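Chains as they are written, first to last, in this note's numbering: chain A, 1319 to 1434; chain B, 440 to 598.
Ideal placement from N, C-alpha and C gives every residue a C-beta, glycine not left out.
Being a predicted model, the structure only gives us computed values, none of them experimental.
What follows is one structure encoded as structure tokens, with my remarks underneath.
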Amino acid sequence: MHPMTPSKDLVAASAVPLILSILQQGDSYGYAIIQKVRELSGGDMEWADGMLYPILHRLEKRRFVEAYWGLADNGRKRKYYRLDRAGIEELETQRQQWNKLHAILRQLEGGVPCSI
Amino acid sequence: MFDLDREVATWSAAVHAGRCQAAAGEGVTELSDHLYCEIERGRAAGLSDEEAFRAAVVRMGTSGELTAEIAKNRSPLGVVCRIAAKLDGPMPASAEDRRLLTAHAVVWATLLIASSMVLTTTTVAKTGLLLILLIYIPLWQVSDQLLRRALRKRPAGRA
């Protein structure tokens, strides 16, 4: 595995905040979300494409996102997702948690002694 | 000759085979759209329809992985739908699924015979719906989970 390729566990753990963050930028659909993640990670973040949909459906069930059907440019039926109010709150919570974790790692990296 | 539309429809339907009709229909449409997007990308890179389809399917992950992931979202009603879909269709291909189906048949035949011995006709007439909602459906879910665990613990090769 390439050293910059995140492990399977990290990919799974980061999926929800990534999806919610992408949807915060505007409504989107499964394929576009995956392309966005791939593009932002420079190709290092590889999801098995199909895994995204059960996660999106869970988010929909928990009312973090709302789904609606539309038509693609080529006339194909397409399911779009938009971020809901509960999703915005969840995203904020997850961001705080990730930032906290990042801060801890940075401190340890800088050699700050443990205060135990 | 390779029929792209038929292959996409078959693959998407197989992933959602165990779901209730409405959920499966939407899921199939959504997965099909994704497959077509990826196939269009493959075609633009010079692949044939068949090559682009095969590559898109590989990117999606195995249907077993996908079905397992979809199963995590299943409600109690979804579990009943899945079993009903299985009973309605041909015998499952994998030995594990066949063992699970047989174990369910034995457990539920026993339970129904026991129920018929304990319950009187009047009780069933009065509490039939409640029995199904409060006892049989939860029991179905619990027994499904227990049987799966029990079958997973069995060493491979022992049917």
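- Neighbours of T468 (chain B) across chain A, judged by C-beta separation under 8 Å: K1395, K1397.
- Contact annotation for I509 (chain B) against chain A: P1372 [CB-CB distance below 7 Å, chain order].
- Your pair E1408 (chain A) and L1338 (chain A) checks out as a contact, with CB atoms roughly 6 Å apart and the cut at 8 Å.
- A direct Cα-Cα distance of roughly 22 Å separates L1370 (chain A) from Q1415 (chain A).
- Under a 10 Å Cβ-count criterion, I478 (chain B) is classified as buried, with 16 or more other Cβ atoms of the shown protein chains found around its own Cβ.
- Straight through space, the alpha carbons of G485 (chain B) and T468 (chain B) are spaced by roughly 26 Å.
- Restricting attention to A:S1332, A:K1326, A:A1404, A:G1348, the CA atom closest to the CA of L1419 (chain A) is found in A:S1332.
- Listed along chain A are A1366, D1367, G1368, each with a C-beta nearer than 8 Å to that of M499 (chain B).
- Judged by their CB atoms, R482 (chain B) and A494 (chain B) are not nearer to each other than the 7 Å cut-off.
- DSSP links Y1398 (chain A) through a beta bridge to A:Y1386.
- Within chain A, the C-beta atoms nearer than 7 Å to that of Y475 (chain B) come from R1394, in chain order.
- The C-beta separation of S1346 (chain A) from Y1386 (chain A) comes to about 12 Å, leaving the pair out of contact by the 8 Å criterion.
- In the three-state reduction of the DSSP assignment, S554 (chain B) falls in the helix class.
- If the five residues before and after E1384 (chain A) are omitted, its C-beta is found closer than 6 Å to the C-beta atoms of R1400, D1402, all from its own chain and listed in chain order.
- Judged by DSSP in its simplified three-state form, S1346 (chain A) adopts strand.
- Taking a beta-carbon distance threshold of 7 Å, G1344 (chain A) does not count as an interface residue toward chain B.
- With fewer than 16 other Cβ atoms inside 10 Å of its own Cβ, I571 (chain B) counts as exposed.
- With respect to the C-alpha of A542 (chain B), the residue from B:P577, B:V447, B:L585 having the closest C-alpha is B:L585.
- Contact of L505 (chain B) with chain A is assigned, a C-beta pair being separated by under 7 Å.
- Secondary structure note for Y1371 (chain A): its alpha helix (DSSP H) is the uninterrupted segment 1370-1379.
- Sequence-distant partners of L505 (chain B) (beyond 5 residues in either direction) whose C-beta falls short of 6 Å from its own C-beta, in its chain, are V454.
- Interface annotation, D444 (chain B): not in contact with chain A, CB-CB separation never under 7 Å.
- Taking the CA atoms as reference points, K1395 (chain A) sits about 17 Å from I1351 (chain A).
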